[in-house]
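The numbering of the sequence shown is numbering that gives the first Met the number 0, which starts it at 0 and goes up by one.
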Amino acid sequence: MRVLIVNCGSSSIKYQFLDMDTEQVLCKGLAERIGIPGSKIVHKKGDQKAVVEKPMKDHEEALKYVLELVVDEKVGGVKDLKEIDAVGHRVVHGGEKFSGSVLVDGEVMSAIEEYSYLAPLHNPPNIMGIKATMKLLPGVPNVAVFDTAFHSKMPAKAYLYAIPYEYYRKYKIRRYGFHGTSHRYVSRRTAEILGMDYNKSKIITVHLGNGSSIAAIMNGRSIDTSMGFTPLEGLVMGTRSGDLDPSIVTFLMEREGITSEEIYTILNKKSGVLGLTDGFSSDMRDIEERALNGDPVCRLALDIYEYRIAKYIGSYVAAMNGVDAIAFTAGVGENSPVTRKGVCEHYLGYLGICIDDEKNNIKGEERVISTPDSKVKVLVVPTNEELMIARDTKEIIEKGIKQLEY
Ligand code: ADP
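Dropping the structure here:
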């Protein structure tokens, strides 16, 4: 079975085309600047690369060019569009309705549209992507895989905020959590690598990208996660503040005379390590480099970044009353020995965690980085959300089911 994976952002489409009999990537690419001047697709098949630069007024037009590349004689994965068996879509918000991946039909589309009020920047482009594939690949089934679904079964004590209950009733204000597909992939893989029964395990997954989140996964279920009602809560991120005293919001609005939109921008786009370094950089590579060269501002930003991660790990050990393994993933988690060591060695010694410096000295490889006698295993597990989406898509289509329960 051949599956196309589509991940639509507001002006981008990330895609991968996979042969799911072998789980091999046939080709992949990224369309950027859709709807704005400079539209471009960078497409890859192994070492071969193709670049398409022409105006793309919307997601449908961009996807049309993507499909031309997918069936291209040289850089494509198949000869004919008929050889695409299914399309898997990353959809950010599935509200309280979707606790697993689903086959898209009219009802599912309406629900995704309904949840746009919870993810106004993400669900609308996801919908555009699904509509475009429906039009360009008529008759090919579409599957939606939600970022929120893996967290949807966490207990009420983890998802409810201590604010008047009527706001949960009225607006469904609660913790949803995000990056669910990554946390699910990485935790399953962690159990596999360690030869553990996933359904009898306590795993903490630490996803550190531009956006970062951490999850407590007990017996194969996410029971708590650091992102909340929106992706703003939790860890210190590239440009997002993560946790803060909510009174800071009203204080700043009053003192600075700013609107809700402006404070939203400050907390989402101008905070995190970017804010802590006075606008220097949101990229952890830059922060690390300067911190290691003795710059006190970047050193402090890195300390705050690591300290917050360690505090969350501590709280999730409490939430699960134990932990078997901690897995680092995404850009920073996969590539930064400094951050992994900083988190584990400075703060988690009481758990009997011991990192092997030589094993930790890797980038983007799957590996156990703790010493054999470390009481808790620590791993690097590169995430693969596309593969997870493709596996779900295949399973739904092959089994002929409407919804997959995790
Ligand atoms: P996104 O959330 O956009 O998918 P990624 O998972 O690609 O982000 O992660 C991006 C982050 O990973 C950036 O902060 C980048 O600096 C960081 N990163 C990538 N390589 C390294 C590295 N070698 N050392 C430290 N950080 C790195």
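Ideal Cβ placement from N, Cα and C applies to all residues, glycine included. Predicted model, so just to flag it, every value in this text is computed and none were measured.
Asked                                                                                                                                                                                     : Found
Tell me the rounded alpha-carbon separation between residue 40 and residue 62.                                                                                                            : 10 Å
Just mark residue 145 as buried or exposed, buried being the case when its beta carbon has 16 or more other beta carbons within 10 Å.                                                     : buried
Between which two residues does the alpha helix (DSSP H) carrying residue 250 extend?                                                                                                     : 246-255
Just to be sure I understand the criterion: a residue counts if its Cβ is closer than 6 Å to at least one heavy atom of ligand 1. Which residues meet that?                               : 208, 209, 210, 237, 282, 283, 284, 287, 329, 330, 331, 334, 335, 362
In the structure shown, what three-state DSSP assignment does residue 77 receive?                                                                                                         : coil
Based on Cα-Cα distance, which residue from 94, 103, 370 lies nearest to residue 118?                                                                                                     : 94
Comparing alpha-carbon positions, which option in 263, 99, 7 lies nearest residue 122?                                                                                                    : 7
Buried or exposed for residue 360, going by 16 or more other Cβ atoms inside 10 Å?                                                                                                        : exposed
I'd like the list of long-range same chain contacts for residue 166, defined as Cβ closer than 6 Å, with 5 residues on each side in sequence excluded.                                    : 172
Can you find the residues in the same chain that come closer than 6 Å, C-beta to C-beta, to residue 52, ignoring five residues on each side of it along the sequence?                     : 39
Between residue 267 and residue 237, which are expected to be in contact by the criterion C-beta below 8 Å, what is the C-beta distance as a whole number of angstroms?                   : Between residue 237 and residue 267 the Cβ distance is about 10 Å, and since that is not below 8 Å, they are no contact.
Around the C-beta of residue 42, are 16 or more other C-beta atoms found within 10 angstroms, so that it is buried, or is it exposed?                                                     : buried
By the DSSP assignment, the beta strand (DSSP E) with residue 26 in it spans what residues?                                                                                               : 23-31
Taking just the CA atoms, how far does residue 78 sit from residue 72?                                                                                                                    : 7 Å
What does the alpha-carbon distance come out to for the pair residue 391 and residue 380?                                                                                                 : 20 Å
Whose CA, out of 202, 235, 228, 206, lies closest to the CA of residue 219?                                                                                                               : 202
Helix, strand or coil for residue 217? Go by DSSP, reduced to three states.                                                                                                               : strand
Give a yes or no on contact between the segment 19-36 and the segment 102-119, applying the rule of three or more CB pairs nearer than 8 Å.                                               : no
Could you name the residues of the same chain whose beta carbon sits closer than 8 Å to that of residue 386, not counting the 5 residues immediately before and after it, in chain order? : 17, 22, 184
Counting only runs that start and end within the segment 257-299, where is the alpha helix (DSSP H) found for 4 or more residues in a row?                                                : 259-268, 271-275, 283-291
Decide if residue 12 is buried, meaning its Cβ has at least 16 other Cβ atoms within 10 Å, or exposed.                                                                                    : buried
Can you tell me which of 304, 403, 232, 275 puts its alpha carbon nearest to the alpha carbon of residue 296?                                                                             : 275
Less than 7 Å between C-beta atoms, sequence neighbours within five positions excluded: which residues of the same chain meet that for residue 140?                                       : 85, 102, 396
Suppose contacts are defined by Cβ-Cβ distances below 9 Å. Is residue 131 in contact with residue 57 by that definition?                                                                  : yes
Relative to the alpha-carbon of residue 362, which residue among 195, 136, 333 has its alpha-carbon at the smallest distance?                                                             : 333
Looking at the structure shown, is residue 351 part of a helix, part of a strand, or coil, going by DSSP?                                                                                 : coil
Enumerate in chain order the residues of its own chain whose CB-to-CB distance from residue 3 is below 6 Å, with the five nearest sequence positions on each side excluded.               : 16, 83, 86
Pick from 375, 338, 315, 394: whose alpha carbon is nearest that of residue 222?                                                                                                          : 315
Could you pull out every residue in the same chain whose Cβ sits closer than 7 Å to the Cβ of residue 394, ignoring the five residues on either side in sequence?                         : 403
Nearest CA to the CA of residue 322: which residue from 330, 341, 32, 349?                                                                                                                : 349
Less than 9 Å separating the beta-carbons of residue 373 and residue 351?                                                                                                                 : yes
What span of residues does the alpha helix (DSSP H) with residue 64 cover, start to end?                                                                                                  : 58-69
Taking buried to mean at least 16 other C-beta atoms within 10 Å of its own C-beta, is residue 50 buried or exposed?                                                                      : exposed
Taking the straight line between their C-alpha atoms, what separation do you get for residue 345 and residue 193?                                                                         : 25 Å
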